[in-house]
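Presented below is the structure to which this report refers.
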Amino acid sequence: MDLKNYLPLVAMPGMLVVVEIIALFLSRPLQEAGVSALPYSPDNPLNVVVFLAMLLVFTIFILVLIRFGVKSLLSAIIALSLFFTFYYIFASLALALAGETDLAGLATIVLSIGATVVLYKYPEWYVIDTLGILLCAGVASIFGIAIGIIPAILLLVLLAAYDYISVYRTKHMITLAEGVLSLKAPILFVIPKRRDYSFIKEGLAIKGEDGEPKERGAFIIGMGDMIMPTILVVSANVFLRVPGWAFSPPAIGAIAGSVVGLAVLLTAVKQGKPQAGLPPLNAGTITGFLIGCALAGAWGWVPLF
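Numbering (our numbering), first residue to last: 1021 to 1325.
Quick look at the structure:
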């Protein structure tokens, strides 16, 4: 494999680490502001049920729209979802940094509309990736501060199992991804293989104008693959603080484990077939977290301790 194919494979772990670090920096002000995305206390496993229910309902809804070919409505739903996600992120940050003021509210609306419009009016790969990093970090931080250690681990295990089934058994996740890609919807990270690649002009089509197969110009990775491991990273840092450490050893271990898990995933991706990202990612994150706990002696979250 030459350099042009190595660089994207290095860029993806780098992006994951950036998402995780930004999420860690966001978590403290969001927690202090009392931001909460889930209805129950952090240690309540019912939060996992709520999270999975929201995910399944949204997935089924999108699949129904894809099945009936309602592309304009699907595009509008995705755009609206992105707007409300950005709004929640910016509103949470505004509340944490400036409190409830008219100026903060206005800034939240302007930034949310601006980010959504830019994504849809100029969805070039570097725009998608830059705003995607902010989106993933914000979402992961908001959920990470709302889910305790044990529920977070349970969530990652269940999501890994769900991702495996949806990609390799029912394959509905592949259908969902193909439907979203056909719209060029900006909800996937796009990592180009060459300098002149343009997501706006080329998308991710693998056929040339003459209908003959050609090399795909970019790798893709779902934003969920960045968000889900980061939830445990944030949770570990929020609920397992270690004196003298800016980031707790369990959180650092989770970051290292997520990178190892992503490396395993990328090894499989080179085969050219769709891969379930969360099984290796979540397994690596949980393993790294446990190693960090062992090194720091941070076992207070375990009921037996």
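No residue lacks a Cβ here, since even glycine has one placed at the ideal position from N, Cα and C.
Bear in mind that the values here come from a model prediction, so they are computed numbers and not experimental data.
Subject >> the stretch 1079-1098 / the stretch 1127-1137 touching (three or more Cβ pairs under 8 Å) >> reply: Between the stretch 1079-1098 and the stretch 1127-1137 there are fewer than three inter-stretch CB-CB distances shorter than 8 Å, so the stretches are not counted as touching.
Original post:
For P1233, does the count of other Cβ atoms within 10 angstroms reach 16, so buried, or fall short, so exposed?
Top reply: At P1233, the pLDDT of 48 sits below 50, so the modelled position is not reliable; the number obtained from the coordinates is stated separately. The residue in question, P1233, is exposed, as its Cβ has fewer than 16 Cβ neighbours within 10 Å.
Original post:
Out of G1297, V1258, G1320, G1034, which has the shortest C-alpha to C-alpha gap to I1162?
Top reply: Among G1297, V1258, G1320, G1034, the Cα nearest to that of I1162 is on V1258.
Original post:
Closest to I1098 by CA distance: which of G1054, T1136, V1253, L1036 is it?
Top reply: For the residues G1054, T1136, V1253, L1036, the minimum Cα distance to I1098 belongs to T1136.
Original post:
From K1293 to T1287, what does the alpha carbon distance come to, in whole angstroms?
Top reply: Rounded to the nearest angstrom, the two C-alpha atoms are 11 Å apart.
**OP:** For A1238, write down the residues that DSSP places opposite it in a beta bridge.
**Re:** In the DSSP output, where bridge partners are listed per residue, A1238 has P1212.
**OP:** Let me know the secondary structure DSSP gives P1059 once reduced to three states.
**Re:** Residue state, collapsed to three classes: coil.
Original post:
Are the beta-carbon atoms belonging to A1043 and G1152 less than 8 Å from one another?
Top reply: Contact flag unset, no.
Subject >> Same chain, Cβ closer than 6 Å to I1239, five either side skipped, listed in chain order >> reply: Per the sequence presented here, residue 1239 reads as Phe, with Ile not at that position. Excluding sequence neighbours, F1239 sits near P1028, I1211.
**OP:** Drop a sphere of 10 angstroms on the beta-carbon of I1207, count the other beta-carbons inside from all chains shown, and report buried for 16 or more, exposed for fewer.
**Re:** By the Cβ-count criterion, I1207 is buried, with 16 or more other Cβ atoms from all chains shown falling within 10 Å of its own Cβ.
**OP:** Spatial neighbours of D1149 within its chain, please: CB distance less than 6 Å, with the 5 preceding and 5 following residues excluded, ordered by chain position.
**Re:** Setting aside the 5 residues that flank it on each side, D1149 is surrounded in the same chain by F1209, each with a C-beta closer than 6 Å to its C-beta; the list follows chain order.
**OP:** Output the distance between the C-alpha atoms of I1170 and L1155, rounded to the nearest integer angstrom.
**Re:** Using only the alpha carbons, I get a separation of about 25 Å.
**OP:** Using beta-carbon positions only, say whether A1116 and T1128 come within less than 8 Å of one another.
**Re:** The answer is no: Cβ separation not under 8 Å.
Subject >> Spatial neighbours of D1245 in its chain, beta-carbon cut-off 7 Å, leaving aside the 5 residues before and after >> reply: G1297, L1298, L1301, listed in sequence order.
Original post:
Do the CB positions of P1270 and F1309 come within less than 8 Å of each other?
Top reply: It is a contact, given that the beta carbons lie within the stated cut-off.
Original post:
When we look at the beta-carbon of A1172 and count the other beta-carbons within 10 Å, is it buried (16 or more) or exposed?
Top reply: Under this definition A1172 is a buried residue.
Subject >> Closer than 7 Å: L1252 CB and nearest the ligand NAD heavy atom >> reply: As far as ligands go, the structure on display features none, and thus does not contain the ligand NAD.
Subject >> Cβ contact (3+ pairs, closer than 8 Å) linking the stretch 1185-1199 and the stretch 1064-1074 >> reply: Verdict: no, contact absent.
Original post:
Got a sec, what are the start and stop residues for the alpha helix (DSSP H) Y1142 sits in?
Top reply: Y1142 -> no alpha helix (DSSP H), and no H or E assigned at all.
**OP:** Could you tell me the distance, in whole angstroms, from the CA atom of K1227 to the CA atom of F1219?
**Re:** Note on K1227: pLDDT 48, under 50, position unreliable in the model; the coordinate value appears next. Here the alpha carbons of F1219 and K1227 stand approximately 14 Å from one another.
Original post:
So is E1040 buried or exposed if we call it buried at 16+ other beta carbons inside 10 Å?
Top reply: Per the 10 Å Cβ criterion, buried.
**OP:** Could you please give the first and the last residue of the uninterrupted alpha helix (DSSP H) stretch that includes I1080?
**Re:** 1066-1087 is the extent of the alpha helix (DSSP H) around I1080.
Original post:
Where does I1004 fall in DSSP's three states?
Top reply: No answer is possible for residue 1004: it lies beyond the span of the chain, which begins at 1021 and ends at 1325.
Original post:
From the beta carbon of Y1140, is the nearest beta carbon of chain D less than 8 Å away?
Top reply: Any reference to chain D falls outside this structure, which holds one protein chain only.
**OP:** Quick one: give me the first and last residue of the alpha helix (DSSP H) that K1091 is part of.
**Re:** Counting along the chain, the unbroken alpha helix (DSSP H) around K1091 starts and ends at 1091-1118.
Original post:
What is the C-beta distance between P1062 and G1168, in whole angstroms, given that I count them as a contact (C-beta under 8 Å)?
Top reply: In this structure, P1062 and G1168 form a Cβ contact; the two beta carbons are roughly 4 Å apart against a cut-off of 8 Å.
Original post:
CB A1160 to CB T1250, shorter than 8 Å?
Top reply: Taking a C-beta distance under 8 Å as the contact criterion, A1160 and T1250 qualify as a contact pair.
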